[in-house]
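Right, one structure below, let's go through it.
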Amino acid sequence: MEYRIVSAEDGRAVVYCVGRMTLPTQAGFSRIADDMRSYGHKNWLFDLTDVEFIDSAGMWMLLMVRSVAKELGGHLSITGAVGQVAKALDLASFEDVIRTEG
Amino acid sequence: MTGSHPSAILCCRSDGTRLCAEGTAALLRDRNHPIAQCPRSGLQTDCSTQPTVTVLTGIDHDLIVHGLNHHHGSVEQLGDSLLSGGNLPETLRRDGLYLGLSTSAAYGVEVAKLFTQALRTRLGFSEDMRDNLELALHEALVNGLIHGNLGIPSTGRDTLEMFTAYCHSVERGLADPVRGLRLIEIFAWWDDQAIELSVVDQGEGFDPAIVEREAAKPGKASGRGLQLIGSLSEGYVTSEGGRRLSMRFRR
């Protein structure tokens, strides 16, 4: 999985994730905590529109970056999940633990 | 191998495994038994006498797809040995679908995606069911590879930093010449009512009751895969000393 971080007009940082969010593809995610800490934003939006597949490890990674956002004094939301990703997050009742936007 | 066409195929008969190949492939061994060469000369890729699997002389994405779509799957060749496990003969007898891969190979290709796409091509189920099968198979496969064949416990990944260290231990395991080359079997059997997907590893085996109890603890990363499998399938069972996990899906 790959990602890029963009500052949004509302003051948040948006993380656009691309590819498969799984344990075997986690290498692209390994620097995310350092990037979040160095970026200087408190509040984060993870855009999952271009994530084609997520597994339980991918969901766990989202929970851990939420912890990083909390550590920075802010919060984290997700948006854009479609297809298998939306179904998997729904199955895991993810909206109960991470704020989901439209 | 040329392009996505195999240089050898394998069938299973009542008197043992038969190899159909060009050249010196008769020297190959299957679970420490020499493999008999088919009396038909040369490579018979159109062999219709028995269901066959292709032999993977290297991990080639296109050849795996070829084996899944044009044969009954594939087995990997490592040196003079074939990674065909004990469930290959029964899978071929049932006209099922089979992959026998090393741990490092299975971790490096999108096995669950390729396998469920091939199943969908054969059986014609919905995209929704394809998604369910892929996620359940992926979770079972990752569990078998990481906790089974690599022997890495599921604990100790509760923070991002711990998770990163855990991923490094996976990378070391995959590079290990013993653990990284252990066999993982993936196979599917089906009838008019249901599809059964199974994953068999070569690890110590596990007790699902213990994993489910651990998953129920708040803030724990372990066991989530089994919970997903339970939600996605009609149910799952373990056997072969906890090394085999079989999931059932209504068609």
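Chain order of the listed sequences is A and B. For the first sequence, this note's numbering begins at 1243 and goes up steadily by one. For the second sequence, this note's numbering begins at 27 and goes up steadily by one. Idealized CB from N, CA, C, for every residue including glycine.
Check, Outcome
"Same chain, Cβ closer than 7 angstroms to B:Pro115, five either side skipped, listed in chain order", "Cys38"
"B:Glu116: first and last residue of the uninterrupted beta strand (DSSP E) it sits in", "Counting along the chain, B:Glu116 falls outside any beta strand (DSSP E), though it belongs to the alpha helix (DSSP H) covering 114-119."
"Test: A:Gln1326 CB closer than 8 angstroms to a CB of chain B", "yes"
"Span of the alpha helix (DSSP H) around B:Gln1", "Absent from the model: residue 1 of chain B. The displayed extent of chain B is 27 to 277, so no value can be given."
"Nearest to A:Val1324 (by Cα), restricted to the options A:Asp1277, A:Asp1276, A:Ser1280, A:Val1260", "A:Val1260"
"Own chain partners of B:Asp227 with C-beta closer than 6 angstroms, once the 5 adjacent residues on each side are dropped", "Gly170, Gly174, Asn175, Ile210, Arg269"
"Within 8 angstroms, strictly: CB atoms of B:Thr83 and B:Ile35", "no"
"Residue interval of the alpha helix (DSSP H) (run including B:Asp154)", "153-169"
"Interface residues of chain B facing A:Lys1312 [CB-CB closer than 8 angstroms]", "The premise fails here: A:Lys1312 is roughly 12 angstroms from chain B at the closest Cβ pair, so nothing lies under 8 angstroms."
"B:Ser130 vs B:Glu102 beta-carbon contact at 8 angstroms", "no"
"Top-ranked residue by Cα proximity to A:Arg1246, from A:Leu1265, A:Thr1264, A:Trp1286", "A:Trp1286"
"Proximal residues to B:Ser272 (C-beta, below 6 angstroms), its chain only, five neighbours per side dropped", "Glu222, Ser224, Val263"
"B:Glu102 - partner residues in DSSP beta bridges", "B:Leu82"
"Short CB-CB distance (under 8 angstroms) between B:Ser195 and chain A", "no"
"Residue span of the alpha helix (DSSP H) that contains A:Glu1313, given as start and end", "1298-1313"
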